[in-house]
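See structure below.
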Amino acid sequence: MNYQAVEETIKADYREVTPQYRRDDETEVTTENHRRIMGTLKQICASFSGPIKALDVGCGTGRYFHCLTNVSELIGMDITEEMLRAAENPVRQEQISIPRIRLVCANIYLIDFPPQSFDFIYSLGMFGNGCPVTSDMCDKFHTWLTPGGRLYFNTVDIAGLPFLARARRQAKQKAYPLLPRKVKETLDERESRHPFYGMTRDELEAVLALSRFNKFQVKSHVCESPLWNGRHLECIAIKD
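According to my numbering, the sequence shown is numbered sequentially starting from 188.
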């Protein structure tokens, strides 16, 4: 996969919507979906005996910074500088209890950290639209986690898409191998501009099974929000 090309597409998309995205934070934090995610984040943070180091992958405008507790240091990473500038003044800033927050502009597929750099890694709202969950990516997370560290992420659940969208996806998967090479190249080029990497639960579990994580759990949750309605797959994985 050409991650550099994907990076340019995502940058262009989010550069335009950053101001609206930050305004949407004020709405999203009032939803039941956000409260449930906040509860999961707090529960994971509280499961550690002492202050932890955390990595927010695709942090955007810092929508979830206020949900973290027991965190001594947080790296918020995003691919767009505009989003990171907005994250300097995140939603519910008065509730943030993290002594040190460092914002890093980088492509998660290309950057690297030393082994065991983090106790907790999470990514919410990044995978699915433009960014695929891969076993290689999960292996990177595994390397960066300390023993006993946690990984928490979500991605778009195909089961939550409208029927016609699911039917088109299934038809395309079946027909693609039979298409002429030129047609495949045209379709690939078109999809590369706005790639979609939603998954079924079985597909996500298969990706995780190929990774170095031996302990993981995948659940599907309804996501009802003024901003988006559908389903998300959520995964919590633990490094042995």
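Ideal Cβ placement from N, Cα and C applies to all residues, glycine included.
No experiment lies behind these values; they were computed from the predicted model shown.
Please report the residue range of the alpha helix (DSSP H) in which residue 230 lies. 219-233
CB-CB length for residue 428 against residue 198, believed under 8 Å
Outside the displayed span of the chain (188 to 427) sits residue 428, for which this structure offers no information.
Let me know the secondary structure DSSP gives residue 293 once reduced to three states. If DSSP states are grouped into helix, strand and coil, residue 293 belongs with coil.
When you compare the CB positions of residue 402 and residue 306, do they come within less than 8 Å of one another, or not? no
TODO: Report the option in 206, 216 and 228 whose CA atom is closest to the CA atom of residue 423.
DONE: 228
| request: Please confirm if the region 410-427 is in contact with the region 216-228, defined as three or more CB-CB distances below 8 Å between the two stretches. | output: yes
Just reading off the alpha helix (DSSP H) that residue 270 is part of, what are its end residues? 268-274
- Query: In the DSSP assignment, what residue or residues form a beta bridge with residue 421?
  - Reply: 341 and 406
Assigned exposure category for residue 209 - 16 Cβ within 10 Å defines buried:
It is buried - the Cβ of residue 209 has at least 16 other Cβ atoms within 10 Å.
*Who does residue 244 pair with in a DSSP beta bridge?*
Note: residue 244 sits in a beta bridge opposite 264.
Q. For residue 204, which three-state DSSP category applies?
A. helix
Please classify residue 204 as buried or exposed, where buried requires at least 16 neighbouring CB atoms within 10 angstroms. exposed
Quick check on residue 386: does DSSP put it in helix, strand or coil?
strand
For residue 398, the first and last residue of its enclosing alpha helix (DSSP H) = It is not in any alpha helix (DSSP H) - residue 398 carries neither H nor E in the DSSP assignment.
Neighbour-count burial assignment, residue 421, 16 or more Cβ in a 10 Å radius
Buried, because 16 or more other Cβ atoms sit within 10 Å of the Cβ of residue 421.
> Among 372, 336 and 278, which one has its Cα closest to the Cα of residue 206?
Replying inline: 278
- Query: So, is residue 281 buried or exposed, given that buried needs 16 or more other C-beta atoms within 10 angstroms?
  - Reply: Counting C-beta atoms within 10 angstroms of its own C-beta, residue 281 has fewer than 16 neighbours from the protein chains shown and is therefore classed as exposed.
(request) Take the Cβ of residue 273 as the centre, count every other Cβ of all protein chains shown within 10 Å, and call the residue buried at 16 or more, exposed below. (result) Buried, since its Cβ has 16 or more Cβ neighbours within 10 Å.
- Item | Separation of residue 362 from residue 246, as counted between CA atoms | CA-CA distance, residue 246 to residue 362, rounds to 36 Å.
Closer than 6 Å by C-beta to residue 328: which residues in its own chain qualify, once you throw out the five before and the five after it? Chain order, please. 308 and 338
Worksheet entry | Strand pairing of residue 287, partner residues [DSSP] | 260
Discussion item. In this structure, how does DSSP classify residue 364 when only helix, strand and coil are distinguished?
Written reply: helix
Inset, instruction - Would you mind working out which of 345, 256 and 419 sits nearest residue 230, comparing C-alpha positions? - result: Of the candidates 345, 256 and 419, 256 places its Cα closest to the Cα of residue 230.
Q: May I have the straight-line CA-CA distance separating residue 314 from residue 254, to the nearest angstrom?
A: 20 Å
ask   = Given that a residue counts as buried once 16 or more other Cβ atoms are within 10 Å of its Cβ, and exposed if not, what is residue 310?
value = buried
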